[in-house]
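Data first, discussion second: the structure below is written as structure tokens.
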Amino acid sequence: MNFSVIIATSQKRTDWLINRSLLSVYNQDGINKSEWSVIVVDDNKDKSEFVKVQKQVDFLRNKLNLNPTDFPTTVIKNRRTQFMSGTGAWNTGIFEANYISPNGFISILDDDDEYLPNHLSECVSAIKSDSVAVFQRLIWYNNEKSTMNVDLTKECLTAENFFIGNPGVQGSNMFFKSQNFVDIGGFDEALPNTTDRDLMIRFLLKNELTKIEVIEKIGVIHYNHKRQKVNNDIPRKQQGLDLFYKKYKHYFSEEAYLKSLSRAKKCFNYTPPNR
Numbered sequence: 001m002n003f004s005v006i007i008a009t010s011q012k013r014t015d016w017l018i019n020r021s022l023l024s025v026y027n028q029d030g031i032n033k034s035e036w037s038v039i040v041v042d043d044n045k046d047k048s049e050f051v052k053v054q055k056q057v058d059f060l061r062n063k064l065n066l067n068p069t070d071f072p073t074t075v076i077k078n079r080r081t082q083f084m085s086g087t088g089a090w091n092t093g094i095f096e097a098n099y100i101s102p103n104g105f106i107s108i109l110d111d112d113d114e115y116l117p118n119h120l121s122e123c124v125s126a127i128k129s130d131s132v133a134v135f136q137r138l139i140w141y142n143n144e145k146s147t148m149n150v151d152l153t154k155e156c157l158t159a160e161n162f163f164i165g166n167p168g169v170q171g172s173n174m175f176f177k178s179q180n181f182v183d184i185g186g187f188d189e190a191l192p193n194t195t196d197r198d199l200m201i202r203f204l205l206k207n208e209l210t211k212i213e214v215i216e217k218i219g220v221i222h223y224n225h226k227r228q229k230v231n232n233d234i235p236r237k238q239q240g241l242d243l244f245y246k247k248y249k250h251y252f253s254e255e256a257y258l259k260s261l262s263r264a265k266k267c268f269n270y271t272p273p274n275r
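For the record, in the sequence shown the residue sitting at position 166 is 166 according to the UniProt record's numbering, with numbers rising by one throughout.
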């Protein structure tokens with residue numbers, strides 16, 4: 001079985017990419033490194049950053065004395081929707097990985113997050129013969145040095161829960177069978193944010209919960225920093241939630257909609273149009 005890690009990078013966060021996210025991949029324990037490939041997708045507006053990313057990847061590999069067969073890594077340009085929420089970059093990498101190995105699994109990682117050393121081995125160990133996804137718990141590290149555990153359980157994985165909020169699955173703890181990801185069309189590139197919830201709603205509506213595994217142990221660190229990102233740009237968050245509710249409101253109950261609006265108001269000061 002073949003596996004791929006997909007890392008999308010943007011906004012000149014190359015330092016985080018190299019010294020945090022990619023380093024955490026190369027430092028994974030308990031896996032056959034020759035079974036894993038890494039695809040870094042460059043979504044930077046500055047075209048010169050692409051060459052910088054390539055050089056820094058090579059430098060890191062040499063520094064760690066990696067063999068060519070250990071996590072062979074390719075840097076490619078985003079060939080789809082650019083500079084909006086990273087969805088085009090994710091889809092570029094994931095569809096590429098699926099083309100190379102349609103029966104493989106893909107693991108996603110943001111360029112500003114990191115895996116704990118056993119994350120990938122624990123995901124692989126959780127795979128059963130009919131598994132379509134594995135999700136491991138993550139922990140948030142906030143800028144003010146506080147932390148927040150996200151207590152994901154299998155019972156939380158319902159489409160309605162992702163309509164109301166997010167019970168604990170986001171880019172960096174997604175681990176999918178690549179063909180099942182492709183079968184739902186990948187990330188919605190029309191959304192400026194709220195893309196993880198959108199993806200999980202579609203995935204859960206199409207795939208049986210019995211084929212999804214949850215590891216109730218922390219395996220990923222999400223850094224909730226203050227630099228620009230899709231969820232702290234409030235005007236764009238308003239736009240994204242408008243589109244999200246337009247897309248999904250009719251699928252769910254009024255009670256679920258009101259719960260979702262209450263959360264959106266609390267987290268993002270969101271008010272729906274004409275309300």
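Even for Gly, the Cβ is constructed at its ideal location relative to N, Cα and C.
{"query": "Using the DSSP secondary-structure output, state which residues sit across from residue 276 in a beta bridge.", "result": "Shown here, the chain extends from 1 to 275; a query on residue 276 therefore has no answer."}
{"query": "Along the chain, which unbroken stretches of the alpha helix (DSSP H) at least 4 residues long are found entirely within the region 13-49?", "result": "23-26"}
{"query": "First and last residue of the beta strand (DSSP E) that includes HIS222?", "result": "212-224"}
{"query": "Nearest by alpha-carbon distance to PHE162: which of ALA190, ASP188, THR195 is it?", "result": "THR195"}
{"query": "Tell me the rounded alpha-carbon separation between ILE184 and GLN170.", "result": "17 Å"}
{"query": "According to DSSP, PHE3 sits in a beta bridge with which residue or residues?", "result": "TRP36, PHE105"}
{"query": "Are the region 126-133 and the region 37-50 touching by the rule of at least three beta carbon pairs closer than 8 Å?", "result": "no"}
{"query": "Determine the extent of the alpha helix (DSSP H) in which LYS266 is found, giving its start and end residues.", "result": "254-268"}
{"query": "THR74 bridges to which residues according to DSSP?", "result": "ILE39"}
{"query": "Report all residues from its chain with a CB closer than 6 Å to the CB of GLY168; omit the five preceding and five following residues, and keep chain order.", "result": "VAL150, LEU152"}
{"query": "Pairs of beta-carbons, one from the region 41-48 and one from the region 82-89, closer than 8 Å: are there three or more?", "result": "yes"}
{"query": "From LEU199 to LEU205, what distance separates their C-alpha atoms?", "result": "10 Å"}
{"query": "The beta strand (DSSP E) spanning LYS237 covers which residue range?", "result": "No beta strand (DSSP E) holds LYS237; the alpha helix (DSSP H) holding it covers 234-248."}
{"query": "If you draw a straight line from the alpha carbon of PHE95 to that of ILE164, how long is it in whole angstroms?", "result": "29 Å"}
{"query": "So for ASP183, helix, strand or coil by DSSP?", "result": "helix"}
{"query": "Less than 8 Å separating the beta-carbons of LEU116 and ILE6?", "result": "no"}
{"query": "Hey, could you find the ends of the beta strand (DSSP E) PHE176 is sitting in?", "result": "174-177"}
{"query": "Specify the secondary structure class of THR92 as computed by DSSP and reduced to three states.", "result": "helix"}
{"query": "Within a Cβ cutoff of 7 Å, which residues of the same chain sit near GLU160, ignoring the five residues on either side of it in sequence?", "result": "PHE252, ALA256"}
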